[in-house]
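Chain order of the listed sequences is A and B. According to this note's numbering, the first sequence is numbered sequentially starting from 39. According to this note's numbering, the second sequence is numbered sequentially starting from 39. C-beta atoms are modelled at their ideal positions from N, C-alpha and C, and glycine is treated no differently. What follows is a single structure, written as structure tokens, with notes after it.
There are 2 protein chains.
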Amino acid sequence: MDMASLQDVDFRQLIALREVARERSFGRAAQALGYTQSAVSQQIASLERLLGGPVFDRPGGPKPVELTPLGTLVLGHADTLLGQVAAADAELRAFARGQHGSLSVGTFQSVSVQLLPQIVSRFRPLHSGIDLRLQESDDLDELVDGLREGRHDLSFVVVTDDLDGLEVLELFDDPFVLVSPPGEVSEGDSVQLDQLAELTMIGEFDTPCQRQLDADLRRAGVSDLNVVFRSTDNGAIQAMVRAGVGHALMPALAVDADDPAVRLQRMDPQLPPRTIGLAWRAQRSMSPAAAEFVDIARQVGLAMQERQGQLEPAG
Amino acid sequence: MDMASLQDVDFRQLIALREVARERSFGRAAQALGYTQSAVSQQIASLERLLGGPVFDRPGGPKPVELTPLGTLVLGHADTLLGQVAAADAELRAFARGQHGSLSVGTFQSVSVQLLPQIVSRFRPLHSGIDLRLQESDDLDELVDGLREGRHDLSFVVVTDDLDGLEVLELFDDPFVLVSPPGEVSEGDSVQLDQLAELTMIGEFDTPCQRQLDADLRRAGVSDLNVVFRSTDNGAIQAMVRAGVGHALMPALAVDADDPAVRLQRMDPQLPPRTIGLAWRAQRSMSPAAAEFVDIARQVGLAMQERQGQLEPAG
DNA sequence: CCATGTCCATCAGCATACCTGATGGATATG
DNA sequence: CATATCCATCAGGTATGCTGATGGACATGG
């Protein structure tokens, strides 16, 4: 009969225990808790049945009830447990407000330059309780794997068709622009695509991005670019352009647009832009903080899309 | 609607959460817990209603269910809480076996000499988990107050009629004996009471014990003892006797009976013996350890009573 | 493309648990 | 000895939790 254990107690019983101990009276405890005296009596009785002994001595009459040694012991644990519950409760409320927990976001270089700082600078002050972890990788596959294996909650991606199992929010299109040393190419906002073959170029190594670019160029009839330097670092490429080594085709996002020492020109006809998206595992619940991050990313992406639209010529 | 909190969750729901998370399946968790799948489904559903969001993502079909971020957070707290409960449970079981908690026992000098060591040496090995605190005091009133105010769980007492509110277990009678230097008094087991007036005596100061003794002697017609030395330390008194300074009337309990350098003699007629008892607050529950202590004290007291009975002459 | 198997959600029904309101017994107080 | 103040208990209605059966969603194999 003593096989029953604390496993079977109810928090209400522990709360009743605590209140009766504080008030030294069943009736007053009941009043404080919003129960009838009978209810508290039964709660304590049930607790005592479970424990196998009384938790209060009832002197009878107007004398206050008093904890037994057993009651004292149990009350100590009750206080611990109820405190733990209160702490957990606070944490849950913070979580619901997006103010507790961690958020791991995968990102890659071109996103990290312009987009991510804007998002983070809006997200962080609203969610100071979140442990935001940004993990950058050059390898898009690694980011996607990180998502699939649960290492990341969200990840920026370049939208392709091999994102099975992921849900992708398309944020905006990121066109390729020609980055040139000033005064080296014709004036104007755009450059004819077939002029590229005549230029000294700087490119990336064999990255997916570069591969796609090469394929798109070939499809547009341009091949065998004269690439004299390759780097995987966008900053390095831009520095090379600045130094007059050559021209580069770069995603607009990756370019430091404030650099006065380079000129940006659109291609004509346009190369197919990369679509930048934010992805997460499909059919998986998202923490409130993650949802908020996605929403902010959506807004920032929209704003960025619009800004590019303004720069873009009608034709 | 989100006003509900963790306060209202049931341990069973947390256990179900833990088991489903471990098994990654409602059905298997149900089997492990001895419920039907329906029951576990309802437990989790109820938990989710309380939390305001899902704790598992159910992909549907044979795919395993998976914790949501909310579920992960709650599971962490559930583990903490359940661990705490398990610890409390273990402690309660130890308490029930008299293997956990503290036991404060008040005592006084004459008890500490013979009786208490026997009791403690039997009690301690049986209850190694108990923090046994023995507190000795010369002042019996202090011991009784300590009981009434809850500083002690038990206390040895000399039984009197002013122990209101206490429950007293009488352990045995402790007769007064005359302690004499060898060869100073007549042979035999006992001494006539009126011979005392002729002896050089050693006594205590104005203690309740001494006061009672004086009153009893006066009632028996003996007064104005020739007391040449007083001390409150029984050992010191016995040492004085050993040194031949005089005789002492001492409670038998307080005498080191193994001392070959003194003689013990009963008084004739007998002086009213002190009754040694063990007391605790009336109507108050007692810890299992305390109950065990009382029982051991009862047994040891009984044995001591019998031993004295053997030494006592029939008349 | 359909049949099958494996999940979980849902429903009805029954048993149990819990609360309320009223009553009774025990204990101090005047 | 009467009264007041406690808590325990009882009867009754409601809510809750479980079982067993059924249905829908998803993946797999023919």
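Residues near Q51 of chain A by beta carbon distance below 6 Å, same chain, minus five either side: Close CB contacts of Q51 of chain A within its chain, under the 6 Å cut and outside five residues either way in sequence, are with Q81, L85 (chain order).
Would L44 of chain B be called buried (16 or more neighbouring beta carbons within 10 Å of its own) or exposed? Classification of L44 of chain B: buried, given that the 10 Å Cβ count is 16 or more.
With a threshold of 8 Å between beta carbons, is H190 of chain A in contact with chain B? Contact with chain B is absent for H190 of chain A, since none of that chain's Cβ atoms lies less than 8 Å from the residue's Cβ.
Within a Cβ cutoff of 6 Å, which residues of the same chain sit near S148 of chain A, ignoring the five residues on either side of it in sequence? Only P289, L291, A292 meet the Cβ criterion.
Residue-chain proximity (F133 of chain B, chain A), Cβ-Cβ < 8 Å: Interface residue, yes.
Close-in-space but distant-in-sequence residues of the same chain around H138 of chain A (CB under 6 Å, 5 per side omitted): E129, A132, G167.
Please identify, using Cβ separations under 9 Å, the residues of the stretch 111 to 127 of chain B that lie next to chain A, in order along the chain. Taking 9 Å as the Cβ-Cβ cut-off, the stretch 111 to 127 of chain B approaches chain A at L111, V112, G114, H115, A116, T118, L119, L120, Q122, V123, A124, A125, A126, D127, given in chain order.
Does the beta carbon of S43 of chain A sit closer than 8 Å to a beta carbon anywhere in chain B? Yes, S43 of chain A lies at the interface with chain B (some Cβ there is under 8 Å from its Cβ).
Check whether the Cβ atoms of L207 of chain A and L316 of chain A sit closer than 8 Å, and answer yes or no. A contact, by the Cβ cut-off of 8 Å.
I believe L192 of chain A touches V93 of chain A by the beta-carbon criterion, under 8 Å. Please report the beta-carbon distance rounded to the nearest angstrom. Beta-carbon to beta-carbon, L192 of chain A and V93 of chain A are separated by about 50 Å, too far to satisfy the 8 Å threshold.
If the cut-off is 9 Å on Cβ atoms, which residues from the stretch 63 to 83 of chain B count as contacting chain A, listed in chain order? For the stretch 63 to 83 of chain B, no residue has a beta-carbon sitting nearer than 9 Å to a beta-carbon of chain A.
Bounding residues of the alpha helix (DSSP H) (the contiguous stretch that carries S140 of chain B): No alpha helix (DSSP H) contains S140 of chain B, which is instead part of the beta strand (DSSP E) from 139 to 145.
When DSSP labels each residue in this structure, what does V300 of chain A get in the three-state scheme? V300 of chain A falls in the coil class under three-state DSSP.
Identify the contact partners of T36 of chain B in chain A, using a Cβ-Cβ distance below 7 Å as the criterion. Outside the displayed range of chain B (39 to 353) lies residue 36 of chain B, so it cannot be described from this structure.
Considering only residues of the same chain and omitting the five flanking positions on each side of R268 of chain A, which have a CB-CB separation below 8 Å? So the list reads I240, G241, E242, F243, once near-sequence residues are dropped.
If I'm right that L176 of chain A touches T270 of chain A with Cβ under 8 Å, what's the distance once you round it to whole angstroms? The displayed chain sequence assigns Asp, not Leu, to residue 176 of chain A. Approximately 6 Å separates the beta-carbon atoms of D176 of chain A and T270 of chain A; this is inside 8 Å, confirming the contact.
Residues near L413 of chain A by beta carbon distance below 6 Å, same chain, minus five either side: With chain A covering only 39 through 353, there is no way to say anything about residue 413 of chain A.
Measure the alpha-carbon distance for L209 of chain A versus I157 of chain A and round it to whole angstroms. Approximately 12 Å between the Cα atoms of the pair.
State yes or no: is the C-beta of H190 of chain A within less than 8 Å of the C-beta of A327 of chain A? No; because the gap between Cβ atoms is not below 8 Å, this pair is not in contact.
Shortest alpha-carbon distance to S228 of chain A belongs to which of A:A83, A:R304, A:G65? The shortest C-alpha to C-alpha distance from S228 of chain A to any of A:A83, A:R304, A:G65 is the one to A:R304.
In the DSSP output, which residue or residues are listed as bridge partners for H285 of chain B? B:M239.
Mark S261 of chain A as exposed unless 16 or more other C-beta atoms lie within 10 angstroms of its C-beta, in which case mark it buried. Its Cβ having fewer than 16 others within 10 Å, S261 of chain A is exposed.
Straight-line Cα distance separating R257 of chain B from R186 of chain B: Whole-angstrom Cα-Cα distance: 32 Å.
May I ask which residues mark the beginning and end of the alpha helix (DSSP H) holding D169 of chain A? Careful: D169 of chain A lies outside any alpha helix (DSSP H), inside the beta strand (DSSP E) at 168 to 174.
Around the C-beta of V266 of chain A, are 16 or more other C-beta atoms found within 10 angstroms, so that it is buried, or is it exposed? Around the beta carbon of V266 of chain A, fewer than 16 other beta carbons lie within 10 angstroms, which makes this residue exposed.
With G109 of chain B as the anchor, note down where its alpha helix (DSSP H) starts and where it stops. G109 of chain B -> alpha helix (DSSP H) spans 107 to 134.
Could you say which of B:L119, B:Q343, B:P100 lies nearest to P311 of chain B if we only look at CA atoms? Of the listed residues, the one whose Cα sits closest to P311 of chain B is B:Q343.
Length of the line joining the Cα atoms of R66 of chain A and L178 of chain B: Spanning the two alpha carbons is a distance of roughly 38 Å.
Neighbourhood of N272 of chain A by C-beta, 8 Å cutoff - its chain only, sequence neighbours within 5 removed: Hits under 8 Å: Q147, S148, V151, M288, A292, V293.
Does E57 of chain A pass the burial test, meaning 16 or more other C-beta atoms within 10 Å, or should it be called exposed? With 16 or more Cβ atoms within 10 Å of its Cβ, E57 of chain A is classed as buried.
Could you work out which residues of chain B lie near Q321 of chain A, taking near to mean beta carbons separated by less than 7 Å? Going along chain B in sequence order, the residues near Q321 of chain A (Cβ under 7 Å) are D95, P97.
Starting from the beta carbon of T106 of chain B, find every residue of chain A whose beta carbon is closer than 7 Å, and list them in chain order. In chain order: S323.
Contact list for the stretch 162 to 181 of chain A against chain B, Cβ threshold 7 Å: Hits within the stretch: zero.
Taking 8 Å as the CB-CB limit, is L89 of chain A close to chain B? Among the residues facing chain B, L89 of chain A is included, as its CB has a counterpart in that chain under 8 Å away.
For a contact defined as C-beta to C-beta under 7 Å, what are the partners of G139 of chain B on chain A? Result: P107, L111.
So, does the CB of F49 of chain A fall closer than 8 Å to a CB anywhere in chain B? It does: the Cβ of F49 of chain A has a partner Cβ on chain B nearer than 8 Å.
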